[in-house]
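> Handing you this structure, nothing more for now.
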Amino acid sequence: MSSTVIDVENLYKQYRLGVIGHGTLTHDLQTWWATRRGKEDPNMQIGVQPLVASGNTDGRSFWALRDISLTVEQSEILGIIGKNGAGKSTLLKILSRVTAPTSGAIKVKGRIASLLEVGTGFHPELTGLENIYLNGAILGMSRAEIKGKLDEIVAFAEIEKFIDTPVKRYSSGMYVRLAFAVAAHLEPEILVVDEVLAVGDQAFQKKCTGKMGEISQSQGRTVLFVSHNLAAVENLCSKCAYLDKGSLVKIGDTRDVIGEYLKPKEKTNNTNLEFSTNRTGSGAARITNVILKDSHGVETDSIPMGDSFSVEVYYKGELKRANAAILIGGLYNDRIIESNSYYSHNAVVDLTTGKYTCRFKKNILLPGEYYITAYLGRFDENVDTLKNCLTFSVEPADVYGTGYAPDPRGGIVYADHDWDFENKK
Amino acid sequence: MVLGRLIANCFLATHLGDLGMAIDMITNSRDNGQWTTIIRPRSGWFNFNLRELWRYRDLILLFVRRDFVATYKQTILGPLWFLIQPLLTTIVFTLVFGRIAKLSTDGLPQILFYMSGTVAWTYFSVCMTKTSDTFVANAPIFGKVYFPRLTVPVSVVITNLLTFGVQFCLFLAFMLFFYLAGSDIKPNALVLLMPLLLLQMAALGLGSGILISSLTTKYRDLSFVVAFGVQLWMYATPVVYPLSQIPAKWQWVYMLNPMAAIIEMFRYAFLGAGSVRIWFFLESLGITALILLAGIVIFGRVEKTFMDTV
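Heads up: the protein sequence lines correspond to chains S and D, in order.
Count the first sequence with the working numbering and you get residues 1 to 425, in order.
Count the second sequence with the working numbering and you get residues 1001 to 1310, in order.
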């Protein structure tokens, strides 16, 4: 018997935009009467084609999920990441049976409990104890099950003293603790969690993530975890799925998937940046191109460790008393190296159309993917910033001359250094 | 797409035999042995799953408890309101319809006549109005977690059963008082039908309530209709006048209203006056069953996707 507990097959979910079914009976009757007589629907939006069966985005509908297929194994913690509107919540809603898919199917082995929100169904007038029973039952527990878990739940939530107080008197922290405690003790085979860890204090958050880890490891349960908190996802999840605009972009090892997610979407290397819209600043002058050159002055997108390299930034426009900056960032760190001409070179210059070059004498970055942000400013004014406009990779090299390249997971940068061992005899 | 429909239809066809089993987009499937749940697009008309409702009976009871506690916390008189409502209504009806309009009561004491009608009618009408906004009122909860949606309206009907119980006792107390005072009231063997009448009122209230709530997800207008519709419906029911006031040749039309037979039967059983014919009663039972079935079917269809439209 396979240990696949969730099997999502070609899942589609379509939402219609605008008011559905016109909302009032009169409009529906009008529509019905008009179409009966073979006339045009008076309530149809002008210039919009009727919804067609093929169902591509046609203005009146859109696909919140498109052809999602994935499987989740037992005791896996699957992280789901993606921007707002990527379809994460829709997927969870379908999984928790709040709404039905448009086509496709999900096969599930075991009971699913979903925590799309904490404290669903809590009633402010009821006491903590009564709410434990109510919330537990809403989440699918029987009375006997809740009774058996009661002490544990109360202890986990740390609200022993207030158990007979109506929850409307609770602080929001207590409220959330109680709610999470009930959900965490559900013992479903599959737990679906959406962003609930954004609440509660640090210690409690830690307790929650700990509990989720425990649920999956020692009890063999499966957890689906949606979050914008990449650190939490990386910490907790062995596997991760990345959704974008309703499609599954990548699923696999968490580190890889997060890497893919963080990678700037537009690969704009070596293209003209003058009209790039991905920029901020007052626009008094404009960066038109950013070029990376290796130690031989040849344009490239990969630099070996230890080599020198330079970044050339072309700009257009006049700017008095300006300063320029280059920022190098990586997957987990926006700013690894910042070089600002004002600080590092004392260079405040008057610019007219031309280029500036920033030379790095030695590449101290460890192997991996990095992004360059180019900045043009005047005092504290941001004139033009192109964030992560250039991607490059750093290639491993034997920088210590030992025959070994430094371990890329050993930090962010390497440093020239010596060792000295003094053995006392 | 077409293939999907076809498969869905076949699926439906093979399962139509065992109603009451899950014929459902979420199937407790037996053909797919190892999977416990299969989530599919909504298909077919018979999406309801009564077995699941039974599994969630604890939840129904907790909802009942919640509604009960929540309604009367922070009110001064608390459950006394149960008694004040029918008492005041009876007094007003007695004054307006009894003293001023001088409507017939089939020779019954006016207080008892109006109270019997009010108590029974209130149960039905409250069941209907309170279940008629199930989807809209519970959208926040329904949007976050799955449980059989029918638990909510069913719990409402049960909660109101308690209210009805208290009010019914009030009615019995008045009855006893009038009986001892020598009024001409004749409770008879039909009293034994009381549980059936009650069940029928509950079914009718639930059926029409969930029918309306399913339609209000699409047509919000209906929620306005409910409020005064229930008023009008009361006047189409023998609450403030006896059935005997309706001309015999129009009675068959009048009796299409299933509540008419229920109220008349209730009054006849406890007070011994009224015109009840078994045929009308059976017809009312039939219509009730029809409305309940329609309600459950449409409710089951709407509950899968209403979150996208609310």
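All C-beta atoms, glycine included, are put in the ideal place defined by N, C-alpha and C.
Do we get a CB-CB distance below 8 Å when we pair S:Thr-288 with the residues of chain D?
It does not: the Cβ of S:Thr-288 has no partner Cβ on chain D nearer than 8 Å.
> Against chain D, with Cβ distances strictly below 8 Å, would S:Pro-101 count as a contact?
Taking Cβ atoms only, chain D reaches closer than 8 Å to S:Pro-101, which makes this a yes.
> Tell me, please, whether the region 1064 to 1076 of chain D touches the region 141 to 152 of chain S by the rule of three or more beta-carbon pairs shorter than 8 Å.
Contact fails: fewer than three Cβ-Cβ distances are below 8 Å.
> Taking S:Arg-66 as the reference, give the member of S:Gly-173, S:Leu-243, S:Leu-134 and S:Ser-276 with the closest Cα.
Minimum Cα distance to S:Arg-66 is reached at S:Leu-243.
> Mind checking who S:Gln-14 pairs with in its DSSP beta bridge?
The partner list for S:Gln-14 (beta bridge, DSSP) reads S:Trp-63.
> Taking 8 Å as the CB-CB cut-off, is D:Ala-1294 touching chain S?
It does not: the Cβ of D:Ala-1294 has no partner Cβ on chain S nearer than 8 Å.
> Quick check: is the beta carbon of D:Phe-1142 nearer than 8 Å to any beta carbon in chain S?
Taking Cβ atoms only, chain S reaches closer than 8 Å to D:Phe-1142, which makes this a yes.
> Work out the CA separation of S:Arg-359 and S:Ser-344 for me, nearest whole Å.
Those two C-alpha atoms are separated by around 12 Å.
> For the region 127 to 174 of chain S, which segments carrying the alpha helix (DSSP H) assignment without a break, of at least 4 residues, lie completely within its bounds, in sequence order?
Qualifying alpha helix (DSSP H) stretches, in chain order: 128 to 138 and 143 to 157.
> Kindly say whether D:Thr-1037, judged by its beta-carbon, lies nearer than 8 Å to any beta-carbon of chain S.
By this cut-off, D:Thr-1037 is an interface position.
> Could you compute how far the alpha carbon of D:Asp-1058 sits from the alpha carbon of S:Glu-130?
Distance between the alpha carbons of D:Asp-1058 and S:Glu-130: 13 Å.
> Using the rule of at least 16 other Cβ atoms within 10 Å of the residue's Cβ for burial, across every protein chain shown, is S:Asp-416 buried or exposed?
With fewer than 16 Cβ atoms within 10 Å of its Cβ, S:Asp-416 is classed as exposed.
> Any idea if D:Val-1092 is buried or exposed, counting beta-carbon neighbours within 10 angstroms, 16 or more meaning buried?
It counts as exposed.
> Within the continuous alpha helix (DSSP H) that includes D:Cys-1127, where are the two ends?
Looking at the DSSP string, the run of the alpha helix (DSSP H) that includes D:Cys-1127 is 1110 to 1131.
> How should D:Trp-1121 be labelled, buried or exposed, when 16 other C-beta atoms within 10 angstroms of its C-beta is the threshold for buried?
That one is buried.
> Pair every Cβ in the region 1226 to 1236 of chain D with every Cβ in the region 1167 to 1179 of chain D, then say whether three or more of these pairs are closer than 8 Å.
Contact fails: fewer than three Cβ-Cβ distances are below 8 Å.
> In or out: D:Glu-1264 buried (at least 16 other Cβ within 10 Å) or exposed?
So D:Glu-1264 counts as buried.
> Cα separation between D:Val-1096 and D:Val-1239?
Rounded to whole angstroms, D:Val-1096 to D:Val-1239 spans 13 Å at the Cα level.
> Using a C-beta cutoff of 8 Å, does S:His-123 count as contacting chain D?
It does: the Cβ of S:His-123 has a partner Cβ on chain D nearer than 8 Å.
> Under 8 Å, Cβ to Cβ, is there at least one residue of chain S near D:Met-1025?
Low local confidence applies: a pLDDT of 37 at D:Met-1025 is under 50, so the model's placement there is unreliable, with the coordinate-based value given in what follows. So, interface residue.
> Just verifying my parser: in three-state terms, what is the DSSP assignment at S:Gly-377?
If DSSP states are grouped into helix, strand and coil, S:Gly-377 belongs with the strands.
> Taking only three categories from DSSP, how would you classify S:Glu-73?
S:Glu-73 falls in the strand class under three-state DSSP.
> Would you mind telling me which residues of chain D sit closer than 7 Å to S:Ala-105, beta carbon to beta carbon, in chain order?
The answer, in chain order, is Ile-1038, Ile-1039 and Arg-1040.
> When you compare each of S:Asp-418, S:Val-394 and S:Gly-410 to S:Thr-402 by their alpha carbons, which one comes out closest?
Of S:Asp-418, S:Val-394 and S:Gly-410, the residue nearest in Cα terms is S:Asp-418.
> Would you call the region 1101 to 1111 of chain D in contact with the region 171 to 187 of chain S, where contact means no fewer than 3 C-beta pairs closer than 8 Å?
Flag = no, the region 1101 to 1111 of chain D and the region 171 to 187 of chain S do not touch.
> Is the beta carbon of S:Ala-284 less than 8 Å from the beta carbon of S:Val-383?
Result yes, Cβ atoms of S:Ala-284 and S:Val-383 sit closer than 8 Å.
> With 16 as the cutoff for other CB atoms within 10 Å, does D:Gln-1167 come out buried or exposed?
D:Gln-1167 is buried by the Cβ-count criterion.
> For S:Glu-76 versus S:Ser-238, is the C-beta spacing smaller than 8 Å?
Yes, the pair counts as a contact, with Cβ atoms nearer than the cut-off.
> Considering only their Cβ atoms, is the gap separating S:Val-394 from S:Met-305 smaller than 8 Å?
Yes, Cβ-Cβ distance for S:Met-305 and S:Val-394 is below 8 Å.
> Kindly confirm or deny that the region 71 to 88 of chain S and the region 137 to 149 of chain S touch, where touching means at least three C-beta pairs closer than 8 Å.
Segments in contact, no.
> Which residues, taken in chain order from the region 1153 to 1182 of chain D, show a beta carbon closer than 8 Å to some beta carbon of chain C?
Going by chain labels, chain C is absent from the structure shown, which instead holds the protein chains S and D.
> Residues of chain S with CB under 8 Å from D:Ala-1070, in chain order?
Near D:Ala-1070 (Cβ distances below 8 Å), the residues of chain S are His-123, Glu-125 and Leu-126.
> If you draw a straight line from the alpha carbon of D:Trp-1054 to that of D:Val-1064, how long is it in whole angstroms?
Cα-Cα distance, rounded: 15 Å.
> Where does D:Pro-1086 fall in DSSP's three states?
Helix at D:Pro-1086.
> What in chain S is Cβ-close to D:Arg-1066, meaning under 7 Å?
Within 7 Å Cβ-Cβ: His-123, Leu-126 and Leu-134.
> Taking the beta strand (DSSP E) that D:Ala-1137 belongs to, which residues open and close that run?
Element bounds for D:Ala-1137: not the beta strand (DSSP E) but the alpha helix (DSSP H), 1134 to 1142.
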